[in-house]
Structure formats: structure tokens, C-alpha cells
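Q:
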Amino acid sequence: MYGYHGKYLRINLTEGTVKVEKLDLDLAKKWIGGRGLGTKFFVDEVDPKVDALSPENKLIAVTGPMTGTTAPTGGRYMVVTKSPLTGTIASSNSGGYWGAELKFAGYDMIIVEGRSEKPVYVMIEDDKVEIRDASHVWGKVTSDATRTLMKEVPEKSRVMTIGPAGEKQSLMAAVMNEESRAAGRSGVGAVMGSKNLKAVTVRGTQKVAVSDEAGLKEVIKTCNTKIRENGVTGQGLPAYGTAVLVNIINENGAFPTNNFQSSQFATAEQISGELMAEKYLVKKDPCYRCPIACGRYTKVDDIEGGGPEYETIWAFGGDCGVDDMGAIIKANYWCNEMGLDTISTGTTIAAAMELKQKGLLDGEDLGGLPLEFGSAEAIVEWTKKIGMREGLGDKMADGSYRLCDAFGVPELSMSVKKQELPAYDPRGIQGQGLSYATSNRGGCHVRGYMISPEILGLPEKLDRFALEDKAPWTKIFQDFTAFIDSSGLCLFTSFAMGAPDYAALFNAIVGTDLDGNGVLEAGERIYNLERVFNLEAGITPSEDTLPKRLLEDAIAEGPSKGFVNELSKMLPEYYQLRGWGTDGVPSKERKDQLGV
Amino acid sequence: MQIKVRLFATLREGRGKELSKDYPEGISPGGVIQDLEIPEEEVAILLVNGRDGRLDQVLEEGDTVSIFPPVGGG
Ligand code: SF4
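Line order of the protein sequences matches chains A and B.
Using our numbering, read the first sequence as starting at 1 and increasing by one per residue.
Using our numbering, read the second sequence as starting at 1001 and increasing by one per residue.
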């Protein structure tokens, strides 16, 4: 048994039971692991119509066959559940060390079911698994909960936990590990909170057996060389982290500003990766076995910690009109402490700022806090309010769609399928708009990162305003990503590595004979499985769209001036390429072909 | 004619962030890059007035050329 341990934990919190179950290896190979395997288990076991915050929803933390091996960046895991934010399938990825440690403990995944009556945490140490009382850490912020638990669990354990936001079931709550790594998106932390599960600590001492040790060494050597020699993974990300994108996207006039009211931020330089490196960077903060080390560790005043990422800088910066890097670092810190997704939190504050700007928040209790675009104080203080569900923060904690809807203006929420859009204006980057609209977990950039060809020119440069070829590129990026998300590696390796490289790693580890096409096919299978779940959950293809502002209001100024996103001209070709029929529903033939 | 050049990330080292320079008519981004002694392999993204630029296109008075080395994704 290679790459997989062939066993997983089923933890039922209603009954307080833990079972070790056998993993069917053929099933594992077909669905790879991580996002694919987790989704397969979820779809087979859970009613798509389930209330996401009820005990009947399940939470699966699942590794890939490459997690815990010597493959570069092999530390990732996925949290798979039904999202309370979007109502779609959710799978949120996280790095750090927790995923690898779960593998060392001898498990491919854990499935959490039911709901505990009282707050609990799960302690895993190889074969020993215990459900323990967590009342003493309930209410604690991420760092305090992590450090408190570390005193009572085996040395060298890794801690995955929720913060107050998850406990209070904020629909933007993240699952945190190692204090600053997050399975951030889609409200997976709220599902954990709804189960009264505060944390899962894990310590393991086993190795992951691989099929071909010598062969794997060779493949890894090749991959590491590619990573080192590639400009993005060898120079750009190591030197500046993801924050270097601030200036690039802003120069292109596709840096959404003031809740997407404009697309270029005049003082972007003040919140750039270059400035962060000069003034705030303490050190790099890499994940398990990562030669890229994009992670940052920053300090301002008495606050220090992991991050911020580009997306975070944009959400609290440009999107809120704030050019104070110190305040952004503090807001990021409070997101980590509260256990909040930084993209959704920052952009929900931006949406609230627009409500205020339009005079719609009259009479709401703002507790004396500012909520104007450009207010550094607002981004820090409202993040805390959201985390604690205090004042207007209580409404904001359910995300920008529900917030704006409550004021009768859902169109001011810059979201797709109720999940907030990230840091690229799709009016200036057409294919990214198609990718947003068709992402299986709603507004999201990492389900098909069209920025790579449309802005960075990788693997080749596409005209960002052109419509032709955007459908096939989006599909390939989505399928490729679904495989990588299932493998246990970090998506950033794909700037340097191609499908045949992942196939070679997979083969050496698992002992299969997959090729590059097989990688894409496995990814496509996963994509379709997610789509079918979403349809059965009641998410209709009419939701494959973008906020009205991005479809109808042309950008007024800057290098992307005059453009809207032309989604309707790309979507039919996309459906056709997917074999989904003009109504966006996967055809029976396609499902049969793929074995969905 | 005046051309504004904006440099990013490592390209700033020893050159600064933004220069406004006088160039002869007919100058191209390629010429600017040569003048600034930037090795061509370090030019990953080239924009002229925020739009995709070509090394050999003819620049006009007041144009802004933005040059990036290989950078991140996110
Ligand atoms: S590239 Fe960044 S996010 Fe990915 S594994 Fe490395 S440090 Fe973590």
C-alpha cells in the first residue's frame, strides 16, 4: 500500500465514538485524494440538501497521496464539507504542517460526524485517539487555544483549531492550523463550530511508504530543478511572496478599489509587496518541505505573525480604499486570531463601507466606529467585531451577500454564489471572470487561476481582453487544479511543473501508470462530481454569473477603461467543452465517460 | 521626448522606482530596457500605459512603460 495508508478515522461526536475504517484503494486511486477523494466520500454519505450547520452535515479533513512524502510542498490537506456560505460543496485547502502530521499518524483522512453536546477537541497520537473536553479553550483566540492545547497534548503535536468566529458560526469562519495557516474559504470553520469541535491535535511517528523510492528521488530532483529555475517559483515568490502582485494587477488597472467601484488604486505603492519587504518583513514562513517559501512573517508595533498574502492586502487595502500597510497587517492578524477568512472579511467590510457611502446604514448601531472607505481604524476594529459578532459585526459575519440583501441591495455584494470575489477585476481580465462564474465553490481565484496566462504569461501570454480561447483555457486550468488540489501538493508548484510532472510523482509514490492526460481526466472527473452535487443541492446554472456591476458598468478610468466582463460570450463554449449541454447540466454520456 | 519608466521588484535595485527620461523619437521599450541595462531575460511582464507591450513597438511622447521581473502568483 503506497502513498495511502489505507485507513481513516470516523469520529462521531453525537455518540462520542471513534472508529478506524479501511480505505478502498481502487476508489482512492480513482479520486486521487484531498479534494477529489474527500468530495467522493461526502457525496456518497451526505444528502446534498442537508442544512450545512446541522449535525447531519459532515466535515472531512483529507490528505493526498503526496502529503507527508518527500515531494516538494507535500504538506497540504483539504477540508471538505457543505458550505454554509454558498450551499455548494466546499473544499478549503491549507498548508503548514498539520496535513503531513496526520499522515505520520497513519491516517489518510478523518471524517467528523454529528454534534457534541459540549465543546470538545480530538487528540490523535498514532493509534491513540481521544475525544476530550474543550470547555477551557472554548472562546479563546487561535494562538491562545493552540498554545493552551500544546501544553496538554503530546510534544510536537500540530494543532488545527477554530477561533471565536467558528464557534459563533460566522459564515466566513476558517479552520486554522499552526496559528496562521488557514483552510480559509466557504465558512468551513462554521461547520466545525456547529459540531462543538474546537480543535484536532495530531502527532504521528510513521512514514508514508512509496512504491518506487529510487524513482521518486529522481522525479523530485527534476521537479526541484524546475521549481528553482522558474522565475516565479525560484525568484518572485521566494523574494516577495504573493504580495508582489499588488503593483502588477494595479498597473494593469484590474485592482478592484472601493468595493469594485473603480479598478486602480492611486496609492497602491503604499501597500505593495516591495514596501512590505522593505518595512515589515521579519522572515519567510514556509510550509512543510517547501522549496518556494512564499509565506511571510511580519511585524508592526506589538503585533507579529504569519502573512499577509496578496489577497488579504487587496481585500483590506484597495477594496476598502486603505493604504496603511500597518493596519492591513493588524487586520490580517485579527483574522487569524478570530479564525476568519481574510478575503471574505475584508470584502464584506468594503461592502458595508459602500452601504454607508450610499446612506443605507442610517440608524444602524456602528458603536462609534468609522466605516468610511479609506479608514485604517475601520478595517482593524470591524474585523474584531465580525469575529465576536458584535453590533453590525453580527450581520457582517454572515458575509457580504446576506448583509447587502438585508438592506435590500444584494447587487452591492461582489460575490458569486454568495462567496466574495477575490483580488482581480474580471472586467479587465476576461477569462478570470469565466473562471469565477463557473467555480464550483463560488467566487474564488484558485479553482482556475487564469491570471497565470492572462497577466503573468504562464505558460504563455494571452490577451487579457480577448474572449476567444478563454473557455478551453479555463477548463484546462480548472481540471488541472482539481488534480493538484487532490494530490497533497501546493497549487503554486504548477507555475513550474506541468501535468506530466504530477503524473510522474503520482506514479512513483502510488505505483500507477498515469500520464499527463490521465491527470487532466482525473481532474475533470472531480470537477463534474462537484458540479453534480451542486445541482442536486439546488444551485442552478443561472448562478454561473457575476455581480451586475461587473457585467454592466464599464470601468471608468485607467488601462482597463471601457470594459465590462463579456461572460455571456464565453459561457456557451465553456458548457459545450465540458459536455454539459446548453443548460449547464452535465450530460449522462459525459458522466458515464468520466465514471461519475 | 519624455517617457515615464516604472520599475518593480528586484529591477528597482540600483535604478529606482520611477524615472522620467528623455529619449529620441522612435525609441521602443526594447531600447529603454537596453538603456537601463536590464538583461532581457529579467523582463517577464512589459506594459505600455497599462496594456500588454511589445519590445519593438514605437513609443510616443508621455507613454508609461512598466517593467516587471518574474514575479509571483497568488
Ligand atoms: S508555496 Fe507558499 S503556500 Fe505553497 S507550500 Fe510553499 S510556503 Fe506554503
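Ideal Cβ positions, reconstructed from N, Cα and C, are used throughout, including at glycine.
A quick note: this is a predicted structure, and the numbers were derived from the prediction, not measured.
#1: Can you list, in chain order, the residues of its chain whose CB lies under 7 angstroms from that of P426 of chain A, leaving out five sequence neighbours each side?
#2: Residues in the same chain with beta-carbon distance under 8 angstroms from G562 of chain A, minus the five sequence neighbours each way, listed in chain order, please.
#3: Across the region 240-251 of chain A and the region 312-325 of chain A, are there enough close Cβ pairs to call them in contact, namely three or more that are closer than 8 angstroms?
#4: Counting along the chain, where does the alpha helix (DSSP H) carrying V188 of chain A start and finish?
#5: I'd like to know if G1014 of chain B contacts chain A, where contact means its C-beta is closer than 8 angstroms to some C-beta of that chain.
#6: Please classify L9 of chain A: does DSSP put it in a helix, a strand, or coil?
#7: Could you name the residues of chain B that I343 of chain A contacts, counting a contact when the two beta carbons are closer than 7 angstroms?
#8: State the Cα-Cα distance for the pair L53 of chain A and A482 of chain A, rounded to the nearest angstrom.
#9: Quick check on the burial criterion: 16 or more other C-beta atoms within 10 angstroms. Buried or exposed for N336 of chain A?
#10: Can you determine whether any heavy atom of ligand 1 sits closer than 7 angstroms to the C-beta of T73 of chain A, and answer yes or no?
#11: For P72 of chain A, does the count of other Cβ atoms within 10 angstroms reach 16, so buried, or fall short, so exposed?
#12: Within 10 Å of its beta-carbon, does R1054 of chain B have 16 or more other beta-carbons around it, so buried, or fewer, so exposed?
#13: Under 8 angstroms by Cβ, that's how I've got D323 of chain A and A508 of chain A pegged, so tell me the actual separation to the nearest angstrom.
#14: Got a sec, what are the start and stop residues for the beta strand (DSSP E) N224 of chain A sits in?
#15: Would you identify the three-state DSSP class for F373 of chain A, choosing helix, strand or coil?
#16: Please classify Q264 of chain A: does DSSP put it in a helix, a strand, or coil?
#17: Please go through the same chain and pick out, in chain order, the residues whose beta-carbon is closer than 6 angstroms to the beta-carbon of Q270 of chain A, but skip the five residues on each side of it.
#18: Closer than 9 angstroms, Cβ to Cβ, to anything on chain A: give me those residues from the region 1030-1052 of chain B, in chain order.
#19: If you pair each beta-carbon of the region 152-161 of chain A with each one of the region 197-213 of chain A, do three or more pairs fall below 8 angstroms?
#20: Taking Cβ positions, are M570 of chain A and L467 of chain A nearer each other than 8 angstroms?
#21: Would V232 of chain A count as contacting chain E if we go by Cβ distances under 8 angstroms?
#22: Straight-line CA distance for V18 of chain A to R10 of chain A?
#23: Quick test of your reading: L171 of chain A and P84 of chain A, contact by CB under 8 angstroms. State the CB separation rounded to the nearest angstrom.
#24: So for L599 of chain A, helix, strand or coil by DSSP?
#25: At the 8 angstroms Cβ level, is V1071 of chain B part of the contact set with chain A, yes or no?
#26: Can you name, in chain order, every residue of its own chain whose Cβ lies under 6 angstroms from the Cβ of E56 of chain A, other than the five neighbours on each side?
#27: Let me check one thing: in DSSP terms, what residues is L1046 of chain B bridge-paired to?
#28: Is there a C-beta anywhere in chain A that falls below 8 angstroms from the one on S1066 of chain B?
#29: Does the region 167-181 of chain A touch the region 361-373 of chain A, meaning 3 or more C-beta pairs lie closer than 8 angstroms?
#30: Consider the Cβ of A482 of chain A: report whether some Cβ of chain B lies at a distance smaller than 8 angstroms.
#31: If you follow the alpha helix (DSSP H) that V246 of chain A is part of, which residue opens it and which one closes it?
#32: Report the neighbours of Y616 of chain A on chain B: residues whose CB is nearer than 8 angstroms to its CB, in chain order.
#33: Rounded to the nearest angstrom, how far is the Cβ of F444 of chain A from that of R185 of chain A, given a contact under 8 angstroms?
#34: Give a yes or no on whether the minimum CB-CB distance between C335 of chain A and chain B is below 8 angstroms.
A: According to the structure shown:
#1: By one-based count along the first sequence, residue 426 of chain A stands at place 426. These residues qualify, in order along the chain: Q432, G433, Y436, L546, L550, N565.
#2: Taking the first sequence and counting its residues from 1, one reaches residue 562 of chain A at position 562. A554, I555, listed in sequence order.
#3: yes
#4: Against the first sequence, residue 188 of chain A aligns to sequence position 188. Per DSSP, V188 of chain A belongs to the alpha helix (DSSP H) from 188-194.
#5: Position 14 of the second sequence, counted from the first residue, corresponds to residue 1014 of chain B. So, not an interface residue.
#6: The count along the first sequence starts at 1 and reaches residue 9 of chain A at position 9. In this structure, L9 of chain A counts as strand in the three-state DSSP scheme.
#7: Walking along the first sequence from the start, residue 343 of chain A turns up at place 343. Residues of chain B passing the Cβ test: none, with the nearest at roughly 11 angstroms.
#8: The residue given as residue 53 of chain A occupies position 53 in the first sequence. The residue given as residue 482 of chain A occupies position 482 in the first sequence. Cα to Cα, L53 of chain A sits roughly 26 angstroms from A482 of chain A.
#9: Against the first sequence, residue 336 of chain A aligns to sequence position 336. N336 of chain A is buried by the Cβ-count criterion.
#10: Along the first sequence, read from residue 1 onward, the residue named residue 73 of chain A stands at position 73. Within the cutoff, so yes.
#11: Position 72 of the first sequence, counting from 1, holds the residue named residue 72 of chain A. By the 16-neighbour rule on beta-carbons within 10 angstroms, P72 of chain A is buried.
#12: Within the second sequence, residue 1054 of chain B is the residue found at index 54, counting from 1. With fewer than 16 Cβ atoms within 10 Å of its Cβ, R1054 of chain B is classed as exposed.
#13: On the first sequence, position 323 is the one that residue 323 of chain A refers to. On the first sequence, position 508 is the one that residue 508 of chain A refers to. Contact between D323 of chain A and A508 of chain A does not hold, since their C-beta atoms are separated by about 48 angstroms, which reaches or exceeds 8 angstroms.
#14: The residue given as residue 224 of chain A occupies position 224 in the first sequence. First-last for N224 of chain A: 213-229, but that is the alpha helix (DSSP H), not the beta strand (DSSP E).
#15: To locate residue 373 of chain A, count along the first sequence from 1; it is residue 373. Reduced to three states, the DSSP call for F373 of chain A is coil.
#16: By 1-based counting over the first sequence, the position of residue 264 of chain A is 264. In the structure shown, Q264 of chain A sits in coil (DSSP, three-state: anything other than H, G, I, E or B).
#17: Taking the first residue of the first sequence as position 1, residue 270 of chain A is located at position 270. Once the five neighbours on either side are set aside, the close Cβ partners of Q270 of chain A are D323.
#18: If the cut-off is 9 angstroms between Cβ atoms, the region 1030-1052 of chain B has E1041, E1042, A1044, I1045, L1047, N1049, G1050, R1051, D1052 near chain A.
#19: yes
#20: Here residue 570 of chain A is taken as the residue at index 570 of the first sequence, counted from 1. Here residue 467 of chain A is taken as the residue at index 467 of the first sequence, counted from 1. A contact, by the Cβ cut-off of 8 angstroms.
#21: Included in the structure are the protein chains A and B, with no chain E among them.
#22: Residue numbering aside, residue 18 of chain A sits at position 18 when the first sequence is read from its first letter. Residue numbering aside, residue 10 of chain A sits at position 10 when the first sequence is read from its first letter. Approximately 6 angstroms, taken between the alpha carbons.
#23: Counted from its first residue, the first sequence places residue 171 of chain A at position 171. Counted from its first residue, the first sequence places residue 84 of chain A at position 84. Their Cβ separation, rounded to whole angstroms, is 5 angstroms, which keeps L171 of chain A and P84 of chain A in contact under 8 angstroms.
#24: Any property of residue 599 of chain A remains undetermined from this structure, which presents chain A solely from 1 to 596.
#25: Numbered from 1 along the second sequence, position 71 holds the residue referred to as residue 1071 of chain B. Yes, V1071 of chain B counts as interfacial toward chain A.
#26: Position 56 of the first sequence, counted from the start, is the residue given in the question as residue 56 of chain A. Excluding sequence neighbours, E56 of chain A sits near V50.
#27: Here residue 1046 of chain B refers to the residue found at position 46 when the second sequence is read from its first residue. Beta-bridge pairing links L1046 of chain B to B:I1067.
#28: Locating residue 1066 of chain B in the second sequence gives position 66, where the first residue counts as 1. Yes, because at least one Cβ of chain A sits closer than 8 angstroms to the Cβ of S1066 of chain B.
#29: With fewer than three CB-CB distances shorter than 8 angstroms, the region 361-373 of chain A does not count as touching the region 167-181 of chain A.
#30: Residue numbering aside, residue 482 of chain A sits at position 482 when the first sequence is read from its first letter. With 8 angstroms as the cut-off, A482 of chain A does not count as an interface residue toward chain B.
#31: Along the first sequence, read from residue 1 onward, the residue named residue 246 of chain A stands at position 246. 245-251 is the span of the alpha helix (DSSP H), which, as asked, contains V246 of chain A.
#32: Because chain A in this structure spans residues 1 to 596, residue 616 of chain A falls outside the shown range and cannot be described.
#33: Against the first sequence, residue 444 of chain A aligns to sequence position 444. Against the first sequence, residue 185 of chain A aligns to sequence position 185. A small fix is needed here, since residue 444 of chain A is Cys in this sequence, not Phe. Right, the Cβ-Cβ distance comes to about 6 angstroms (below 8 angstroms), so this counts as a contact.
#34: Locating residue 335 of chain A in the first sequence gives position 335, counting from the first residue. No, because no Cβ of chain B sits closer than 8 angstroms to the Cβ of C335 of chain A.
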